[in-house]
Every structure is written in C-alpha cells, then in structure tokens.
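Going by the numbering used here, the sequence shown opens with residue 360, and the numbers climb by one from there.
Just so it is clear, CB atoms sit at the ideal spot from N, CA and C, and this is done for glycine as well.
As the structure is a computational prediction, the values presented were derived from the model and not from experiment.
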Amino acid sequence: MNLRTVRSRALVAAAALVASLGATPAAAQAPPTLASILAIDNEFITDAGGPADVTIAAGGHVNFSYFAGASRHNVVFPGARPTVCGTSEGPPGTTAALPTAPSPEGWEGGCDFDVAGTYAFVCGLHNTMTGSVSVVRTGASPPPPPADLPVVAVPDGEVAGGLSVATQQRGYRVRGTVLVQRGAVRLVARAFAERRALFAGSRSRLGVRVGRHARATGGGVRVAFSAPLNRAARAALRRNGRLLIALRLTITPAEGTAYTATRTVILRPPPAPRRSASR
Ligand SMILES: [Cu+2]
360 MNLRTVRSRA
370 LVAAAALVAS
380 LGATPAAAQA
390 PPTLASILAI
400 DNEFITDAGG
410 PADVTIAAGG
420 HVNFSYFAGA
430 SRHNVVFPGA
440 RPTVCGTSEG
450 PPGTTAALPT
460 APSPEGWEGG
470 CDFDVAGTYA
480 FVCGLHNTMT
490 GSVSVVRTGA
500 SPPPPPADLP
510 VVAVPDGEVA
520 GGLSVATQQR
530 GYRVRGTVLV
540 QRGAVRLVAR
550 AFAERRALFA
560 GSRSRLGVRV
570 GRHARATGGG
580 VRVAFSAPLN
590 RAARAALRRN
600 GRLLIALRLT
610 ITPAEGTAYT
620 ATRTVILRPP
630 PAPRRSASR
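Structure, rendered in structure tokens:
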C-alpha cells in the first residue's frame, strides 16, 4: 500500500476520533485528558494530522496506534517514562500493548501519564520519527472525596476486598465501593469501552479508556469511587442508549502487591428529568 493510501486512511481514522472527541480546546481551556498519536510511514502525527507533540493534563492518557502501512514502527520513551502502558491497563481479552519491537501495521496501545513533565518518544526503527507528550498539572481541584463509611475488615493478607459494583448503572459515571486495608495509599478506577462502541465506522474491539478516578486513601474503610465518562463515551451512551464498560480497579499499598479487579458494567443514560412521576 502506498504512502498516500496509508496517510489518507490514518487521517480518516483521525477525523473520526476528532469528531467523536470534540474540537481541540482553545488555549485558555484546560488541557485534554486524552490524546491520540498515529504512526504512519514514516512519521508520527496527531489524530488531527499535525506534528506529534501533544499536551494533556496530568493523569491523562495517550493512545498510540499504527493502523496501516508497509513498514514497522513502535514507540520508545528514551527519557522520562509514562506511568503505565499496555495490556495491564486494558480490559481482559484485549491486546492494547505498545509493541516493544518495531512491528507491522495493526497495533494499538496507550499510556497513562500521571506526572507532569515532557515525555519524548521515538520509533525504535526510524530515529527521524519523533514526538512528545507534555503533561501539565491543571489548577482544577480534585473531585470531593466521597464520604467514607465505617471501618470494616478486609480479608487477611489482602490489600482490598468486598468490591461492590452494580452490574447495571445509570448516568455518566461508573460507581462502586471497595473495602481497603489500612496502609493502602492509592486507588485508581479506570473505565474502558470498546472502540467500536465509541467511534462511527470502527469495528475494533480494542479497549479505549473513557473514564478515570484516582484518590488517595488511608484504608481501613469502605471507599467509594466514581469515574466520570469522557465526552466520547457520554455521546456514545446517548446515541446507543447503553454502553458496555470494563471497570478496572487498582489499589496500590504502601508495600506489597497491588490489588486489581475488573468488573463489567452496563451503563444506561441518566433518567430523563421530565419522566412520569410514578415510580
Ligand atoms: Cu518507524
């Protein structure tokens, strides 16, 4: 396939992403929490077709993909490294890993960036293929912590347990509660949806992160979490009337092994405000 075809395919995909995610925010607005970088032969571009230098808010996520081409590419961070990349953050059954070696077309993955800074990346095969992710701390105050319920016990030897997530939920957030052992320091809830549910024309079942809630916790309590959906997921929910979410919860203790659990949630839009009062 020639370069022109590759580029036009990439740009069509990019246009779909942009359309779904909404316009690029003006300079005065808060940076986005999601960006996409596409590898084509042989350069990185943004989903809008520009140079692959993106700015996101701390805690944000960048998707990397190589949809179509005749070469091999990957993404290497020679300096500062993202907080986490790859399959460990995807729903079960997906293969959203960044390839460690330059790889042929058809891969897709992503990374979370929790720490402010500049993250340069380069293709492992083509040193002229470069880009960067600038991660900025936003002035926005974190969401108010949900009220903690009374102290409870967690199963012996476990960081957390008693995860409670309703299978069917309404609204633009994914909610749940979990018992957290004293000493646990960080809870991160991530919501994923299939790309095909989000973007018109996509048949990909790869998971795209559509929501996230991170909070510190001293543990010893039942802790609530509530991950708000991003714009693309809210639009998909309105459009389709339902959205299948894979909720992945990670609780990292001060020491020892992190607790992870995944639950599937069927989200429906919030009740219409002018519905009949009979309940
Ligand atoms: Cu390359």
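- Proximity annotation: ligand 1 has residues H432, C482, L484, H485, M488 in chain order, each selected because its CB is closer than 5 Å to a heavy atom of the ligand.
- For L608, the enclosing beta strand (DSSP E) has its first and last residue at 602 to 612.
- Counting every other CB atom within 10 Å of its CB across the protein chains shown gives P612 a total of 16 or more, marking it as buried.
- Rounded to the nearest angstrom, the Cβ distance from D412 to V443 is 21 Å, too far for a contact under 8 Å.
- The C-beta of Q527 has fewer than 16 other C-beta atoms within 10 Å across all chains shown, which makes the residue exposed.
- Taking the Cα of D406 as reference, the smallest distance to any Cα among A417, G418, Y425, A416 is reached at Y425.
- Note that the C-beta distance between R581 and T616 is not below 7 Å.
- Note on geometry: alpha-carbon atoms of G520 and G428 lie some 45 Å from one another.
- DSSP, reduced to helix, strand and coil, places R627 within a strand of the structure shown.
- Annotated as distal: A525 and R496, with beta-carbon spacing of 7 Å or more.
- L457 is positioned such that its CB atom lies no closer than 7 Å to that of G465.
- Assignment of beta-bridge partners to H572 by DSSP yields A548.
- As the crow flies, the alpha-carbon of R541 is around 27 Å from that of A605.
- Apart from the 5 residues on each side of it in sequence, P629 sits with its Cβ closer than 6 Å to the Cβ of R529, G530 in its chain, given in chain order.
- Within the same chain, and ignoring the five residues on either side of G438 in sequence, the residues whose Cβ sits closer than 6 Å to its Cβ are A479.
- In this structure, the straight-line span from the alpha carbon of R532 to that of L602 is close to 11 Å.
- Per DSSP, F558 has no beta bridge partner at all.
- Only residues of its own chain outside the window of five on either side were considered, and among them P450, G566, R568, A605 have a CB closer than 6 Å to the CB of F551, listed in chain order.
- Residue environment analysis places N599 among the exposed positions, since fewer than 16 neighbouring C-beta atoms fall within 10 angstroms of its C-beta.
- For L538 and A389, the gap between their C-alpha atoms comes out near 33 Å.
- Within 10 angstroms of the beta-carbon of P410 lie fewer than 16 other beta-carbons, which makes it exposed.
- Less than 7 Å separates the beta-carbon of A575 from that of R545.
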